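Colleague: One structure follows; several queries about it will come next.
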Amino acid sequence: MNQHVAMDGHSHHAHQHGHCMHPEPTATAPDTAAVQDRTVYTCPMHPQIRQMAPGHCPICGMALEPVLPALREDENPELADFQHRFWHTLPLSIAVTALAMAGHRVFPGGLPQQNWIELVLSSPVVLWAGWPFFVRALRSVRDRHPNMWTLIGLGVAAAYGYSVAATSAPALFPPGLAMHGRIGVYFEAAAVIISLTLLGQILELRARSQTSAAIKSLLGLAPKTARRIAADGSEEDIPLTHVHTGDVLRVRPGEKVPVDGVVLEGESAIDESMLTGEPMPVTKRPGDQVIGATMNAGGSLVVRSEKVGAQTMLSQIIQMVAQAQRSRAPMQKLADVVAGYFVTAVIAVAVLTLLGWGFYGPQPGWVYGLINAVAVLIIACPCALGLATPMSIMAATGRGATQGILFRDAAAIEELRKVDVLVVDKTGTLTEGKPAFHAVVAAPGGDEQEVLRLAASIDQGSEHPLARAIVAEAHARGLQLSRPAQFESSSGIGVRGVVEGKTIALGNTALMELEQVYWQPLAAGAETLRQEGASVMYVSADGHMLGMIAVADPVKLSTPEALAALREAGITVVMATGDGVTTAKSVADRLGIREFHGEVTPQDKLALVEKLQANGRIVAMAGDGINDSPALARANVGIAMGTGTDVAINSAYVTLVKGDLRGIARARLLSLATVRNMRQNLAFAFIYNALGIPLATGLLYPFTGQLLSPMVAALAMSLSSVSVISNALRLRATGRHGA
């Protein structure tokens, strides 16, 4: 019997999940207590760093986060701390910057004690708000892993320290450095760098917190309690964590199945779409396997638990999502790759500047040397370098959002342009994801309208998705339906009832044989409909065959155009679906997809992605269901349909809001433009540093007699940032004419 015959409860999908996943020795049960008891922390950028307590990564300085989050947890304490520091000191940064930039205009002849006022305004920003950054900078030196924190710490410390010295002991500095009656200071630069860095960290921490949303959504799927039947027949509700292997449980209509197990008594339709992706509910009878967290839509079941805690399929999917997210090789941006060399080079240049001026410069040589060494550290402070990629990402994500494309982070944008294979789910991705009327065929001499009218009349009493599709089609055709005098649902085979005095039966071949209806003349036509991907139901009246009705999951209207655009871009499309091979083949043939895989489990999809990656392919995975989430997380770029489940969206790195695959081609064009823009921005930043550092060392002094003044340094830093921001904003026009 074909697995897609309507309401056929003996689908092989009821059995295939019981043995498809084997728990790893370190698997953690999907309950809050277990997660809390065995919390392991890791670095988002360096997954090899793992420890049993919170802390910071010794390589990049980033705060560690739990491998598996708790279902309920407070706001990230580091995020709360940074927000507190940022908002409480932002007014001070604005004030000191305004005073430094416009003080001499507002107060002609200069404001007495302006340096002291700037010192008072900037000190809380630098010493309190910036304290975590100095800690990270010192740790990077101690661990011998120079990074961007080293640069920020050095630059801010140099700017602030020099400015404090110039304010408290101006007599030590050459008179030539005086401007508007005072020695130039860098308080505003130090304060602004701290505020901008805090803002960047807040945005990054908010984005990173979303990576745990997929796992939290999965943790939330499991029911909190189970109804256990004791040996004496009494029943009680117990916490899910108290369920043991071999316990006998009752699952009532409308409840979730607590754990993986086998049906002992009862029959019911189970909605497994949240885990398998199949739109059709599957009827379970004694001996069939059930999966924890799936919904019991019909009758009452008695189930014996077979897998609990970390062994359940839901827990295995949680483990796969977590491991796939952590195993993602982070794309190191160019600024991060060169940071170690850049820091070393800047420090070396600053030291050489100090020594060169001290030994060989005009008197007072060591004062000039100190000033120029500090100028080198200040002008090398990576303002433009730090803005180069975030500004491009901000512009690109904003542009993508207007096109219905949501990127989670920079890595997704950078990686998407490299994709050469797209693995797509069928249900909800290529197709609409819900049953729709496909065809009605009357027996020889019969009337198709009458077949549909009687089928819809009897189905008015059913809540089954297939029934709703049939009734909706009858209403669309304006057919007059009759209220059934009797109605009976025979789980797994169909429905029966009395309409207008006739005994109507609607269901599969098993029901027709039970009703002793001769259905074989329509068998060939039914098989043709099944090959088109439809589920077939026979309709009989008083023991005579009237015809058959087919319901299918239709292909989205946008899918053919989307696949054509992807092929034109050189991307190979592979379909992987939990539906049967017959249905998969019919959809693949219709859409011209050469490689397809049917009857795949969540682990099979994950294995397919890993196999393609092992062959050197850059893989994108597009899906909409919970069963897609491990593969979405493991793929180089996971792409979720915005019309799908929250878990799929949270597991993916790109979300198509409208569930339209054409968005992938648009997203790829935006990816190409963004990476090109980031490279241009990094080039701007490096050019300014390459020009600014030699100037700061005083190389032009022999020719001009001038050193790099604070105003020139500030102007150079401003110009570099303005250039980067202006270039990034050009991305807002990307694809405006058809991308």
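Under this note's numbering, the first residue of the sequence shown is numbered 796, with each subsequent residue one higher. C-beta: ideal position from N, C-alpha, C; glycine also. Small disclaimer: the values here were computed from a predicted structure and weren't measured.
#1: Per DSSP, what are the beta-bridge partners of Asp-1032 in this structure?
#2: Straight-line CA distance for Pro-1349 to Gly-1199?
#3: Going by the beta-carbon positions, is the gap between Asp-1220 and Gly-1418 smaller than 8 Å?
#4: Within 10 Å of its beta-carbon, does Ala-1124 have 16 or more other beta-carbons around it, so buried, or fewer, so exposed?
#5: I need the DSSP call for Glu-1209, collapsed to helix, strand or coil.
#6: Could you tell me which whole alpha helix (DSSP H) segments of length 4 or greater appear in the region 1301-1371?
#7: Check whether the region 1077-1090 touches the region 1044-1057, counting contact only when three or more Cβ pairs, one atom from each stretch, lie closer than 8 Å.
#8: For the putative contact between Ile-1344 and Val-1266, defined by C-beta atoms under 8 Å, what is the C-beta separation to the nearest angstrom?
#9: What residue ranges within the region 1248-1287 form continuous alpha helix (DSSP H) runs of no fewer than 4 residues, ordered along the chain?
#10: In angstroms with no decimal places, state the Cα-to-Cα distance between Ala-1592 and Thr-1226.
#11: Whose CA, out of Leu-1211, Val-1038, Leu-1451 and Ala-1231, lies closest to the CA of Ile-1024?
#12: Should Gln-1315 go down as buried or exposed, given a rule of 16 or more other Cβ atoms within 10 Å for buried?
#13: Judging by CA-CA distance, which residue of Ala-1021, Ala-1026 and Asp-1042 is the nearest neighbour of Ile-1033?
#14: Is it true that the CB of Gly-1195 sits closer than 8 Å to the CB of Ser-1100?
#15: With Ala-1329 and Ala-1347 assumed to form a contact (beta carbons below 8 Å), what rounded beta-carbon distance in angstroms separates them?
#16: Between Leu-1352, Ala-1191 and Tyr-1136, which lies nearest to Leu-1524 when the distance is taken from Cα to Cα?
#17: Just the Cα atoms here: how many angstroms apart are Ile-1366 and Thr-1396?
#18: Could you check where the beta strand (DSSP E) with Arg-1291 kicks off and where it finishes?
#19: Check whether chain B comes within 8 Å of Ala-1088, counting only Cβ atoms and requiring the distance to be less than that.
#20: Of all the alpha helix (DSSP H) runs that stay within the bounds of the region 929-980, which reach a length of 4 or more residues?
#21: Measuring alpha carbon to alpha carbon, tell me which of Leu-1451, Leu-1324, Gly-1296 and Ala-1491 ends up nearest Pro-1279.
#22: Report the option in Tyr-955, Ala-1409, Ile-844 and Ser-1284 whose CA atom is closest to the CA atom of Glu-1062.
#23: Rounded to the nearest angstrom, what separates Ala-952 and Ala-1140 at their Cα positions?
#24: Less than 8 Å separating the beta-carbons of Ser-1518 and Arg-1212?
#25: Count the other C-beta atoms from every protein chain shown that fall within 10 angstroms of the C-beta of Gln-1158, then say buried if there are 16 or more, exposed otherwise.
#26: What's the C-alpha gap between Gly-1302 and Met-1332?
#27: Could you give the DSSP three-state label for Asn-797: helix, strand or coil?
#28: Would Ala-1404 and Val-1218 be called neighbours here (beta carbons separated by less than 8 Å)?
#29: Please state if the CB of Ala-954 and the CB of Leu-924 are separated by a distance shorter than 8 Å.
#30: The beta strand (DSSP E) that contains Ser-1095, what's its start and end?
#31: Taking the CB atoms as reference points, tell me whether Val-920 and Ser-963 lie closer together than 8 Å.
#32: Please work out which residues of its chain come closer than 7 Å, Cβ to Cβ, to Gln-1281, disregarding the five sequence neighbours upstream and downstream, and give them in chain order.
#33: What are the complete beta strand (DSSP E) segments, minimum 3 residues, inside the region 1381-1462?
#34: Just mark Ile-1421 as buried or exposed, buried being the case when its beta carbon has 16 or more other beta carbons within 10 Å.
#35: Could you give the distance in angstroms between the alpha-carbon of Asn-1167 and the alpha-carbon of Phe-1479?
#36: Once the 5 residues before and after Val-1334 are set aside, which same chain residues still bring their CB inside 6 Å of it?
Modeller: This is what the structure holds:
#1: Arg-1022
#2: 23 Å
#3: yes
#4: Because Ala-1124 sits at a pLDDT of 34, beneath the cut-off of 50, its placement in the model cannot be relied upon, and the following sentence gives the value as read from the coordinates. It is exposed - the Cβ of Ala-1124 has fewer than 16 other Cβ atoms within 10 Å.
#5: helix
#6: 1304-1309, 1318-1326 and 1354-1363
#7: yes
#8: About 11 Å separates the Cβ atoms of Ile-1344 and Val-1266, ruling out a contact at the 8 Å cut-off.
#9: 1260-1271
#10: Any question about residue 1592 goes unanswered here, given that the chain covers just 796 to 1534.
#11: Val-1038
#12: By the 10 Å Cβ count, Gln-1315 comes out exposed.
#13: If we check each option's Cα against that of Ile-1033, Ala-1021 comes out closest.
#14: no
#15: 4 Å
#16: Ala-1191
#17: 24 Å
#18: That run of the beta strand (DSSP E) goes 1289-1294.
#19: Among the chains in the structure shown there is no chain B, since it carries only a single protein chain.
#20: 943-963
#21: Gly-1296
#22: Ser-1284
#23: 18 Å
#24: no
#25: exposed
#26: Near 5 Å, if we compare the C-alpha coordinates of Met-1332 and Gly-1302.
#27: Note that Asn-797 scores a pLDDT of 34, beneath 50, so its modelled location is shaky and nothing firm can be said.
#28: The sequence shown places Val at residue 1404, not Ala. Yes; because the gap between Cβ atoms is below 8 Å, this pair is in contact.
#29: Correcting the residue identity first, residue 924 is Ala in this sequence and not Leu. No, Cβ-Cβ distance for Ala-924 and Ala-954 is not below 8 Å.
#30: Run containing Ser-1095: none; DSSP gives neither H nor E here.
#31: no
#32: Gly-1292 and Val-1293
#33: 1390-1392, 1414-1418, 1432-1436 and 1449-1451
#34: buried
#35: C-alpha separation (whole angstroms): 23 Å.
#36: Val-1246, Ala-1250, Leu-1301, Leu-1341 and Gly-1342
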